[in-house]
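Protein chains in written order, with full-length UniProt numbering: chain A, 1 to 584; chain B, 1 to 640.
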């Protein structure tokens, strides 16, 4: 068993011990029932008075009242604790994921992480809750029943010992088979869902190209395959209950036949015969459950293994043991001999660059030249392979990560918003329990979002994100900018953050940001010359190397990639403006 | 295994005669199988009941008179019943499931094909997720109802009736004693059902919240870490997780109380039987065998009572599902084919709008929470007067008339909301106009079958939709007549061939996640290839100005556009200056009317709305740089 699971169980060992003790006690009492029944039947056969029989009736009721109480507490203990452990594991899982480095999420599918947190965890819960509970109570009950049965008749007991395990075995054998078939059915179900989803989303294209019959035919084919796979489940799963009830019936038949003969032969009394029937009745459900439980345990352990796979991955980017605090930096950034490889492929190499505190650096370069990677190294979203990134002259790895990130405002390309009111999204990095309305408004105004917000029915309380209103691309980018500047960061990083904002708004935003940037170091990544031309320093990245650096004017004069890019953009526009030269 | 974040079900009645009748109609073709299943169910119940009776017979007639042979005979009979019972149960299940699968298949296909016939307006008003639920989960709920609901309800009822009959037949006084615990059992069960239903609901809502939160945070993990949110988010997650735990603990509590309680009630019944029945046996009013059979029967009528209570939930969910499915099936087809469509083997490509007035229909929700009861007429579109939005504010096109010659290329320009896209929606018959006519080759397009009409139209939409499959299958779509060679030629024609050849498997490269691995420019080129490979006589293009297209691809797209327009009747909603400069004619739409027409130069010379549009849309966005750099030329342009 997984050491991690064992440690959770050990933490709640007391509850389990109490629960299992209660379960054992209740099993013993429950198994006394058939014994009482036997005494009653023998008494009846001997012609006892109804008053005398009353004590047996009372005993039965008393026994079962005790069983009721004991089982209630047993369930509350074991099942309750299993839910608590599920809760603990889920919290730990979430906390663990939050510590993982960003690179981890790039090569792990989110759906997969979700499945582990939801279905795998609930499989584990079924194992440590109902699994453990039913397993122990069945084993205890069977042991006690066999003990009682042995005191009555060896032959009959042996018969039962041969037949009853077959009931459990049926499930143990068929269970995994059915599980496999179910997964294949589920897979096909996903295919059907995906097809329907695609069809509905692309309905215009389908109609425009008159694809309806083809689509219906393809959908029908998926559905026929679904039926075919279901058929396999039906055949196997359909056999499960009939087989188990057959074995239970067989046990009853053998008991009637052999037990009847034993009574006639005088080996046992009629009461003892009824007692046997009673045990069979009491054991039949636990025997059915046992097979199910064995299955639960196998699947629970498999699921725990899948959870462990995630737990055992260590975050690659952590604080150094002697990490320093970084109250408010000046904001000087330096890349020194920097290299970065991803899966062995070099993304950046030999980057040497100093951004003095309070200045603006612009980075241009073709897609895939390593611009985003370069800026991601500053807040340590990734870690350089060689060389180092320095903030205020000290390697970023020497600072406490929370301190370092607190002084950076980053606007990534992908402007992700959370399902929360807009104000919370803007105040996301303020590390305060409630968003400060003044700072939120200021940031929104600076990012030119305030005008849009005025048009929202609920203003700053408007829900955004997946389950809220849909913001336009430009609104999202401006919200992301507001989120970054609400922190009033010493270092501001805009990674292609204005591409969906129209050029005039972009210029206004940039101008205002410049106005207050005397104390702020700014790094801008952009494709538009208009965005980068005012920067104090411009570098051109190509294939992970800095190929040019300078200001707008010096770079234009120097020729090369930057001038090329500028020329291309200019040419394009002249081409389209060519018409204007003609007399009108 | 997939995780569903589905909307909350609104549970209503568990039985609705009207819905049930309609559902039963799907079973009609399988009458014989259903009958067989019910007969087998009766047999299975009988086999279940036989056991205790055999024990009674054995005790009373053979064991007590020491007849060894008799015991063996009864045992053999019992064995026979057990075997037959198991076989019957297997077949009954098999037949029921097969019928269920077939019905589910038909229902799902019916919903799907019906949806294919519905107008685009319907899809605009219904989120994809909701339609998905209809075709997947709702159909499955019905399947569950048919197989484990309706059929086992019969089984449980048979069993219950059988047990009661057998007990009354054996001895009615003992039966009454045994039944004395039934009221308590029923009360206990219905208490438990109500509670567990409530906690089940609570648990589902809470797990859905956990899922949503988890999903969102995993997707935005870099933001979470950049903004130091780990501690705050862990606290929030703990809240959600704790809520979920609380709901589960409540469920554990009611389960812990209920299950042992049922066992206790069983023991009470047995105790009563021993006390009263034992007395009867002693007085020889009842045989010992009957008493022992009774003790066994008592256990057997507990199960169906509990089961029946559970079936209530299944029925309730199924009724809600079937209501939602039928609501979709009852959705009227607003854009219908004529009963006697005009043939359209070949199209010259003449397009005419005659005094067309058009407004988008108000989107109607297809959800029980939002809409009235089913069957009640909503906006009731159909024959006669079509629905016109209240007031005249809803009109998107107001008396638009124009004619386009075969082979002519025309661009529509206009400010946002001028009605440009609606022109395309009407020619493709995604919508029908409220007044006026749209004609292709001189015939009202409502006289053609929709598929015939659309076969001759090539459409390139603003956001390019790619299906899962390969690059080739995305160009060909379902049209098997288009050969690989034709696909290649189409791709070459629109400048897509080169980048496709550079993909890992070229034309066989699989398209995943709607083409996320392709750039938006590449997706656009594929859309051109798709339209061209179907060799349409009429081409409609919604041309989007995409900011993220790199300069090189942009040039390829412009060239492709010019290639595809040549020699084809084309309508382009233009965003590119280069396109407008190349078309034969420009029509200017303003507030739903055509206000100007002519070539780019003619229109600019006129200095009317087009000139304003040009300054607003084209010059402003594209000439900013020019204005900065070569001031004189730009000043000229501005003074126009």
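Just so you know, even glycine gets a beta-carbon here, dropped at the ideal spot from N, CA and C.
Legend entry - Three-state class that DSSP yields for residue 590(B) in the structure shown: Here the question's residue 590(B) lines up with position 590 in the second chain. If DSSP states are grouped into helix, strand and coil, residue 590(B) belongs with the strands.
Inset, instruction - State the Cα-Cα distance for the pair residue 105(B) and residue 223(A), rounded to the nearest angstrom. - result: The residue you call residue 105(B) lines up with position 105 of the second chain. The residue you call residue 223(A) lines up with position 223 of the first chain. Using only the alpha carbons, I get a separation of about 7 Å.
Inset, instruction - Pull up the CB-CB distance for residue 589(B) and residue 442(B), whole angstroms please, since I reckon it's below 8 Å. - result: Numbered from 1 along the second chain, position 589 holds the residue referred to as residue 589(B). Numbered from 1 along the second chain, position 442 holds the residue referred to as residue 442(B). Contact doesn't hold; Cβ gap of about 23 Å is too wide.
Legend entry - Inter-residue spacing [alpha-carbon to alpha-carbon] between residue 566(A) and residue 529(A): Position 566 of the first chain, counted from the start, is the residue given in the question as residue 566(A). Position 529 of the first chain, counted from the start, is the residue given in the question as residue 529(A). Taking the straight line from one Cα to the other gives about 7 Å.
Inset, instruction - Determine the closest residue to residue 280(B) out of 47(A), 547(A), 39(A), 329(A), with distance taken between C-alpha atoms. - result: Counting from 1 along the second chain, the entry for residue 280(B) is found at position 280. It is 47(A) whose Cα lies nearest to the Cα of residue 280(B).
Legend entry - Selection from 605(B), 430(B), 21(B) that minimises the alpha carbon distance to residue 207(A): Sequence index remark: in the first chain, residue 207(A) carries index 207 (1-based). Residue 207(A) has its Cα closest to that of 430(B), out of 605(B), 430(B), 21(B).
Inset, instruction - Could you name the residues of chain B that residue 419(A) contacts, counting a contact when the two beta carbons are closer than 9 Å? - result: As a position in the first chain, residue 419(A) is number 419, starting the count at 1. What residue 419(A) touches in chain B: 212, 213, 216.
Inset, instruction - Could you check what DSSP says for residue 34(A) in three-state terms: helix, strand or coil? - result: Taking the first chain and counting its residues from 1, the one referred to as residue 34(A) is at position 34. Residue 34(A) falls in the helix class under three-state DSSP.
Inset, instruction - With 8 Å as the threshold, decide whether the Cβ of residue 209(A) is near any Cβ in chain B. - result: For the purposes of this step, residue 209(A) is taken as the residue at position 209 of the first chain. By this cut-off, residue 209(A) is an interface position.
Legend entry - CB contact check: residue 534(B) to chain A, cutoff 8 Å: Residue 534(B) sits at position 534 when you count from the first residue of the second chain. Yes, residue 534(B) counts as interfacial toward chain A.
Legend entry - Straight-line gap, residue 190(A) to residue 9(A) (C-alpha atoms, nearest Å): The residue you call residue 190(A) lines up with position 190 of the first chain. The residue you call residue 9(A) lines up with position 9 of the first chain. Distance from the CA atom of residue 190(A) to the CA atom of residue 9(A), rounded to whole angstroms, is 35 Å.
Legend entry - Proximal residues of chain B, C-beta to C-beta of residue 410(A) below 8 Å: Mapped onto the first chain, residue 410(A) falls at position 410. By Cβ distance, chain B contributes 226.
Inset, instruction - Quick one: which unbroken alpha helix (DSSP H) runs of 4-plus residues sit fully inside the segment 231-305 of chain B? Chain order, please. - result: 278-282
Inset, instruction - Could you say which of 435(A), 421(A), 478(A) lies nearest to residue 446(A) if we only look at CA atoms? - result: Numbered from 1 along the first chain, position 446 holds the residue referred to as residue 446(A). Residue 478(A) is the option with its Cα nearest to residue 446(A).
Legend entry - Identified DSSP bridge partners for residue 521(A): Here residue 521(A) is taken as the residue at index 521 of the first chain, counted from 1. Paired residue(s): 491(A).
Inset, instruction - Spatial neighbours of residue 470(B) within its chain, please: CB distance less than 8 Å, with the 5 preceding and 5 following residues excluded, ordered by chain position. - result: In the second chain, residue 470(B) corresponds to position 470, counting from 1. Same-chain partners within the cutoff: 505, 507, 508, 509, 510, 511.
Inset, instruction - Give a yes or no on whether the minimum CB-CB distance between residue 91(A) and chain B is below 8 Å. - result: Here residue 91(A) is taken as the residue at index 91 of the first chain, counted from 1. Cβ-Cβ to chain B under 8 Å: yes for residue 91(A).
Inset, instruction - Tell me whether the beta-carbon of residue 315(A) lies closer than 8 Å to the beta-carbon of residue 126(A). - result: Locating residue 315(A) in the first chain gives position 315, counting from the first residue. Locating residue 126(A) in the first chain gives position 126, counting from the first residue. Their beta carbons are not under 8 Å apart, which means residue 315(A) does not touch residue 126(A) by this criterion.
Legend entry - Between the CA atoms of residue 39(A) and residue 51(B) - distance to the nearest angstrom: Taking the second chain and counting its residues from 1, the one referred to as residue 51(B) is at position 51. Taking the first chain and counting its residues from 1, the one referred to as residue 39(A) is at position 39. Computed Cα separation, rounded: 23 Å.
Inset, instruction - Determine contact between the segment 299-310 of chain B and the segment 176-195 of chain B, defined as no fewer than three beta-carbon pairs at a distance below 8 Å. - result: yes
Inset, instruction - Run the proximity test for residue 345(B): is its beta-carbon closer than 7 Å to any non-hydrogen atom belonging to the ligand ADP? - result: As presented, the structure is devoid of all ligands, the ligand ADP included, so that no description of it is given.
Legend entry - Straight-line gap, residue 69(A) to residue 17(A) (C-alpha atoms, nearest Å): For the purposes of this step, residue 69(A) is identified with residue 69 of the first chain, where counting begins at 1. For the purposes of this step, residue 17(A) is identified with residue 17 of the first chain, where counting begins at 1. The straight-line gap from Cα to Cα measures roughly 17 Å.
Legend entry - residue 282(A) vs residue 30(A) beta-carbon contact at 8 Å: On the first chain, position 282 is the one that residue 282(A) refers to. On the first chain, position 30 is the one that residue 30(A) refers to. Contact: yes.
Inset, instruction - Determine the DSSP secondary structure at residue 354(B), reduced to helix, strand or coil. - result: Within the second chain, numbered from 1, the residue matching residue 354(B) stands at position 354. Residue 354(B): strand per DSSP, three-state reduction.
Legend entry - Cβ shell of residue 184(B) (< 7 Å), same chain only, five flanking positions each side left out: On the second chain, residue 184(B) is found 184 positions in, with the first residue counted as 1. So the qualifying residues of the chain are 265.
Inset, instruction - Just the C-alpha distance for residue 403(B) and residue 554(A), rounded to the nearest angstrom, thanks. - result: Position 403 of the second chain holds residue 403(B). Position 554 of the first chain holds residue 554(A). Residue 403(B) and residue 554(A): Cα-Cα distance of roughly 55 Å.
Inset, instruction - State the start and end residues of the unbroken alpha helix (DSSP H) segment that holds residue 252(A). - result: For the purposes of this step, residue 252(A) is taken as the residue at position 252 of the first chain. That run of the alpha helix (DSSP H) goes 212-254.
Legend entry - Any 3 or more C-beta pairs closer than 8 Å across the segment 133-140 of chain A and the segment 282-298 of chain A: As far as the Cβ criterion goes, the segment 133-140 of chain A touches the segment 282-298 of chain A, which means the pair count is three or higher.
Legend entry - Under 9 Å from the C-beta of residue 80(A): neighbouring residues of chain B: For this step, residue 80(A) is matched to residue 80 along the first chain. Here the neighbours are 248, 249, 252, 253, 256.
Legend entry - residue 89(B) burial status per 10 Å Cβ neighbour count (16 or more: buried): Translated into the one-based positions of the second chain, residue 89(B) becomes position 89. Buried is the call here.
Inset, instruction - Can you tell me which of the three DSSP states residue 411(B) falls into? - result: In the second chain, counting from the first residue as 1, residue 411(B) sits at position 411. In this structure, DSSP gives residue 411(B) an extended state, which the three-state scheme calls strand.
Legend entry - Bounding residues of the beta strand (DSSP E) (the contiguous stretch that carries residue 361(A)): In the first chain, counting from the first residue as 1, residue 361(A) sits at position 361. Segment 360-364, the beta strand (DSSP E) holding residue 361(A).
Inset, instruction - Check whether the Cβ of residue 86(B) lies closer than 8 Å to any Cβ atom in chain A. - result: Sequence index remark: in the second chain, residue 86(B) carries index 86 (1-based). True, the Cβ-Cβ gap to chain A drops below 8 Å.
Inset, instruction - Return the residues of the segment 281-296 of chain A that lie within a Cβ-Cβ distance of less than 9 Å from chain B, sorted by chain order. - result: 281
Inset, instruction - Tell me, please, whether the CB atom of residue 219(B) is closer than 8 Å to any CB atom in chain A? - result: Start at 1 with the first residue of the second chain, and residue 219(B) comes out as number 219. So yes, residue 219(B) belongs to the interface.
Legend entry - For residue 470(B): DSSP bridge partner residues: As a working mapping, residue 470(B) is identified with position 470 in the second chain. In DSSP, residue 470(B) forms a bridge with 510(B).
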